[in-house]
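J.: If you use this note's numbering, the sequence shown corresponds to residues -18 to 586, in order.
No residue lacks a Cβ here, since even glycine has one placed at the ideal position from N, Cα and C.
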Amino acid sequence: MMRHLIIKILLFIPFIAISQELLINTSNRNTTSLNGTWNYIVDPYETGYYNYRYEPYDQLPEKNNSAFYNNYHASNKLELVEYDFDKSPTLTVPGDWNSQYEKLFYYEGTIWYKRSFDYSFLNENNRLFVYFGAINYKAEVYLNGKKLGIHEGGFTPFNFEVTDIVKPKGNYLVVKVDNKRFKEAIPTINTDWWNYGGITRDVKLIEEPKTFIHDYKVQLKKGNANIVSGYVKLNNSLGNEAVTISIPELKINKTYTAKNGAIEFEINTKKISYWSPESPKLYDVFIKTAQQSLKDEIGFRTIETVGPDILLNGKSIFLRGICIHEENAMRGARAYNNADALVALNWAKELGCNYVRLAHYPHNEYIVKLADKMGMMVWEEIPVYWTVDFTNKKTLNIAKNQLTEAITRDKNRAAIIIWSMANETPPSEARNTFLKNLINHSKSLDDTRLVSAALEKHYKDGFNVVDDEIGNYLDIVAFNQYTGWYGGSLEDAPNAKWNIKFNKPVVISEFGGGALQGFHGTIQERWTEEYQEYLYEQNLKMIEKIPNIRGTSPWILNDFRSPKRVLPDIQDGWNRKGLISNHGIKKKAFFTMQNFYKKMKLQYQ
Ligand code: GCB
């Protein structure tokens, strides 16, 4: 039976990143989890992908049983078949491969995953999609031997339609995952974190009605705290479908007629309880068509800047933050579920935070949703980190695609107040063009949030200078500085002089230093908890005096794995700048920071 063909394909560059328009709010749709046990084959030479003339099997006219995605089994004892998924070992999905088997700890390359499943449609007119929360880094996805597409970028979701390919029994989903680092990628070759490979987030099948709600935005209108505005997009533009937005608690219930498969709306309302860290109110929001009702929980708040102030619901705030990597340090593995998110955000709460910087890439949806519920403001970032290939158009497109997917997924989360474009990128004409392009792209997708990037400072004529040209285009001037760790004297820190060229809110997006938890000594001795504590004390005395300072997010909540950190007996593969160890034990500096935030909380009441 001929069913719907894919109508819209997001095709950024041929053969680079081909996935279909992203479904949002997947946890409230009809889903079947494909998490669990998948067979895998380690394939460093990509034998399952290329023939011996190094031609990709999936670009040859003839089907070839040697291609791993065909999941072929010998039909008689004489036949030569040199792989067998069903006899291969298994990995748990979601989860990185590095932490599941010692032999995969340092592995960077291709691993094939296979999972078999049966599927019965709830309704035979419905459509089916396979959705991946994230795969690091490049995924090529095949169902029953047919290629669904390619996705590039390790931290954002994507989906493919499988309506016409899926069968009631004996489906096999095969994913080629490749986490090799390369220059043109986002991030590029050089990062200070572990390059965890694999299907690192949830996988699910999503069954949708023939006409379905594909995407929507329900947020306060920019500059108006009494108008709920946004859009709803349906997957097709066939008829004049009725689309209803209802927010029962606000007595909102309005029906619109879709034109070209979409509606835009503005609804006046006066009685909103605004979302804030003190009162993270979320409203039940229903979006309905004749065939579907989707529920979301959405908070409403305004966020803007006026001169040096960040205003949340019109009130000046100080961002009491902390940086977080997407890693459960105690497992030494990528974080991927609500329990992991709870550990991190509970620690952040204990530290006194009202804000977290989710570094250096979009984290999973669990933590963003939890931040919404717990009242934690969020800085969300894409991995334009250090020296990406700024002159390369393909690289820019990959970065834009990651930004699109992050904003598409998270634009209804009140917690997110900042989209960050980059971290510590070296200024140049090419870099400026690249970042300006991203800033414009971000504003075009969502103009209701602030845009920032973690910049750097430099030292000139006795002053710490922040004058990066890109600061002109940001709403918040954020920069990283490591006084007392990578340079600069801690004794002199409190008297540091500053020359910041922008009349905008200033946020210290990183500061800190390393300590091995349990290692004690004097403040003169690196790696001791005492040195780290002193570093925090002196940095905080300095930070308080920085003109227009409106927030900090020290580096970092807990120790995290990094292959760059090799010092024996101290680092052993861990970046030790955590305020909490990889065993979950708080270091002295945790309490220094906690006291500072107590003080800031009183100052900004
Ligand atoms: C930085 C980077 C961060 C590193 C950190 C460090 O400036 O933004 O990714 O991990 O410094 O520990 O050196």
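Between Ala459 and the ligand GCB, is the CB less than 8 Å from at least one heavy atom?
T.: Position 478 of the sequence shown, counted from the start, is the residue given in the question as residue 459. No.
J.: Among Lys569, Gly452, Gly126, which one has its Cα closest to the Cα of Lys148?
T.: Walking along the sequence shown from the start, residue 148 turns up at place 167. Among Lys569, Gly452, Gly126, the Cα nearest to that of Lys148 is on Gly126.
J.: Taking the Cβ atom as the reference point for each residue, do Asn539 and Asn520 lie within a distance shorter than 9 Å?
T.: For this step, residue 539 is matched to residue 558 along the sequence shown. For this step, residue 520 is matched to residue 539 along the sequence shown. Against a cut-off of 9 Å, the Cβ pair of Asn520 and Asn539 comes out as no contact.
J.: Have a look at the DSSP bridge pairing and note the partners of Lys567.
T.: Residue mapping note: residue 567 aligns to position 586 of the sequence shown, counting from 1. According to DSSP, Lys567 bridges with Ile561.
J.: What separation, rounded to the nearest whole angstrom, lies between the Cα atoms of Asp473 and Ala570?
T.: Within the sequence shown, residue 473 is the residue found at index 492, counting from 1. Within the sequence shown, residue 570 is the residue found at index 589, counting from 1. Whole-angstrom Cα-Cα distance: 19 Å.
J.: Beta-carbon within less than 8 Å of Ser80's beta-carbon, same chain only, minus the 5 sequence neighbours each way: which residues are those?
T.: As a working note, residue 80 is residue 99 in the sequence shown. Counting only Cβ-Cβ distances below 8 Å, and skipping sequence neighbours, we find Phe86, Tyr177, Arg312, Gly313, Ala314, Arg315.
J.: Using 8 Å as the threshold, is the segment 481 to 489 in touch with the segment 521 to 539, meaning 3 or more CB pairs across them?
T.: Flag = yes, the segment 481 to 489 and the segment 521 to 539 touch.
J.: Please classify Trp328: does DSSP put it in a helix, a strand, or coil?
T.: Position 347 of the sequence shown, counted from the start, is the residue given in the question as residue 328. Of the three classes helix, strand and coil, the one that applies to Trp328 here is helix, per DSSP.
J.: Ends of the beta strand (DSSP E) at Lys95?
T.: Within the sequence shown, numbered from 1, the residue matching residue 95 stands at position 114. From DSSP, the beta strand (DSSP E) with Lys95 extends over 91 to 98.
J.: Do Ile457 and Ser433 have their beta-carbon atoms positioned less than 9 Å apart in this structure?
T.: As a position in the sequence shown, residue 433 is number 452, starting the count at 1. As a position in the sequence shown, residue 457 is number 476, starting the count at 1. Result yes, Cβ atoms of Ser433 and Ile457 sit closer than 9 Å.
J.: Excluding the 5 residues preceding and the 5 following Ala239 in the sequence, name in chain order all residues of the same chain whose CB lies nearer than 7 Å to its CB.
T.: Position 258 of the sequence shown, counted from the start, is the residue given in the question as residue 239. Closer than 7 Å at the Cβ level, and outside the excluded window around Ala239, lie Leu215, Asn221, Glu222, Val224.
J.: Let me know if Thr414 comes out buried or exposed under the rule of 16 or more other beta-carbons within 10 Å of its beta-carbon.
T.: Walking along the sequence shown from the start, residue 414 turns up at place 433. When all chains shown are included, Thr414 counts as exposed.
J.: Along the chain, where does the alpha helix (DSSP H) containing Val547 start, and where does it finish?
T.: For the purposes of this step, residue 547 is taken as the residue at position 566 of the sequence shown. Looking at the DSSP string, Val547 is not in any alpha helix (DSSP H), and its letter there is neither H nor E.
J.: Whole angstroms are fine: how far does the CA of Glu43 sit from the CA of Asn57?
T.: In the sequence shown, counting from the first residue as 1, residue 57 sits at position 76. In the sequence shown, counting from the first residue as 1, residue 43 sits at position 62. Cα to Cα, the separation comes out at about 21 Å.
J.: Kindly indicate which residue of Thr172, Gln1, Asp183, Asn52 has the alpha-carbon position closest to the one of Gly76.
T.: Translated into the one-based positions of the sequence shown, residue 76 becomes position 95. The shortest C-alpha separation from Gly76 is found at Asp183.
J.: For the ligand GCB, is there a heavy atom less than 8 Å away from the beta-carbon of Thr172?
T.: In the sequence shown, the residue the question calls residue 172 occupies position 191. Yes, since a heavy atom of the ligand GCB falls inside the 8 Å radius drawn around the Cβ of Thr172.
J.: Taking only three categories from DSSP, how would you classify Pro37?
T.: Counting from one through the sequence shown, the residue named residue 37 turns up at place 56. Pro37 falls in the strand class under three-state DSSP.
J.: Output the distance between the C-alpha atoms of Gln1 and Tyr515, rounded to the nearest integer angstrom.
T.: By one-based count along the sequence shown, residue 1 stands at place 20. By one-based count along the sequence shown, residue 515 stands at place 534. If you take the alpha carbons of Gln1 and Tyr515, they lie about 51 Å apart.
J.: So His341 is in the beta strand (DSSP E); what residue range does that whole segment cover?
T.: For the purposes of this step, residue 341 is identified with residue 360 of the sequence shown, where counting begins at 1. Segment: none, His341 is in no beta strand (DSSP E) and carries neither H nor E.
J.: In terms of residue numbering, what span does the beta strand (DSSP E) encompassing Ile131 cover?
T.: Residue 131 sits at position 150 when you count from the first residue of the sequence shown. Element bounds for Ile131: 127 to 133.
J.: Between Val199, His195, Glu105, which has its C-alpha nearest Asn217's C-alpha?
T.: The count along the sequence shown starts at 1 and reaches residue 217 at position 236. Ranking Val199, His195, Glu105 by Cα distance to Asn217 puts His195 first.
J.: With a 10 Å radius around its C-beta and 16 neighbouring C-beta atoms as the bar for buried, classify Arg282 as buried or exposed.
T.: Sequence index remark: in the sequence shown, residue 282 carries index 301 (1-based). Buried.
J.: Taking contact to mean at least 3 C-beta pairs separated by less than 8 Å, is the segment 92 to 105 in contact with the segment 147 to 164?
T.: Counting Cβ pairs under 8 Å, three or more are found: they touch.
J.: Relative to the alpha-carbon of Lys587, which residue among Lys438, Pro25, Tyr88 has its alpha-carbon at the smallest distance?
T.: In this structure the chain extends from -18 to 586, so residue 587 is not present and cannot be described.
J.: Are any of the Cβ atoms in chain C nearer than 9 Å to that of Lys350?
T.: In summary, chain C is missing from the structure at hand, where a single protein chain is found.
J.: From which residue to which residue does the alpha helix (DSSP H) around Asp391 run?
T.: Walking along the sequence shown from the start, residue 391 turns up at place 410. Unbroken alpha helix (DSSP H) run through Asp391: 374 to 391.
J.: Let's test the definition: count the other Cβ atoms within 10 Å of the Cβ of Thr573 and tell me whether it reaches 16, buried, or not, exposed.
T.: Taking the first residue of the sequence shown as 1, we reach residue 573 at position 592. When all chains shown are included, Thr573 counts as buried.
J.: Span of the alpha helix (DSSP H) holding Gln513?
T.: Counting from one through the sequence shown, the residue named residue 513 turns up at place 532. 510 to 525 is the span of the alpha helix (DSSP H), which, as asked, contains Gln513.
J.: Note down, in chain order, each residue of its chain lying with its Cβ closer than 6 Å to the Cβ of Leu103, except the 5 sequence neighbours on either side.
T.: In the sequence shown, counting from the first residue as 1, residue 103 sits at position 122. Excluding positions up to five away in sequence, the list reads Glu188.
J.: For Pro(-5) and Gly333, I'd like the C-alpha separation in whole angstroms.
T.: Within the sequence shown, numbered from 1, the residue matching residue -5 stands at position 14. Within the sequence shown, numbered from 1, the residue matching residue 333 stands at position 352. Note that Pro(-5) has pLDDT 35, beneath the 50 cutoff, so the model's placement of it is unreliable and no number is given.
J.: Could you pull out every residue in the same chain whose Cβ sits closer than 7 Å to the Cβ of Asn11, ignoring the five residues on either side in sequence?
T.: Residue 11 sits at position 30 when you count from the first residue of the sequence shown. Contacts found: Leu103, Ile187, Glu188.
J.: Among the residues of its own chain, which have a CB less than 6 Å from the CB of Pro594, if the five just before and after it don't count?
T.: Since the first residue shown for the chain is -18 and the last is 586, residue 594 is missing from the structure and cannot be characterised.
J.: I need the straight-line Cα distance from Phe541 to Lys579, nearest angstrom please.
T.: Start at 1 with the first residue of the sequence shown, and residue 541 comes out as number 560. Start at 1 with the first residue of the sequence shown, and residue 579 comes out as number 598. The straight-line gap from Cα to Cα measures roughly 26 Å.
J.: Which of the three DSSP states is assigned to Gly452 in this structure?
T.: On the sequence shown, residue 452 is found 471 positions in, with the first residue counted as 1. Here Gly452 sits in helix by DSSP.
J.: Given Gly17, which residues of its chain have a CB within under 8 Å of its CB, disregarding the five upstream and five downstream residues?
T.: What you label residue 17 is simply residue 36 of the sequence shown in a count that begins at 1. Closer than 8 Å at the Cβ level, and outside the excluded window around Gly17, lie Thr73, Val74, Arg96.
J.: May I have the straight-line CA-CA distance separating Lys(-11) from Ile228, to the nearest angstrom?
T.: Position 8 of the sequence shown, counted from the first residue, corresponds to residue -11. Position 247 of the sequence shown, counted from the first residue, corresponds to residue 228. Summary for Lys(-11): the model assigns pLDDT 34, below 50, so the residue's position carries little reliability; its value from the coordinates is reported in the next sentence. The straight-line gap from Cα to Cα measures roughly 30 Å.
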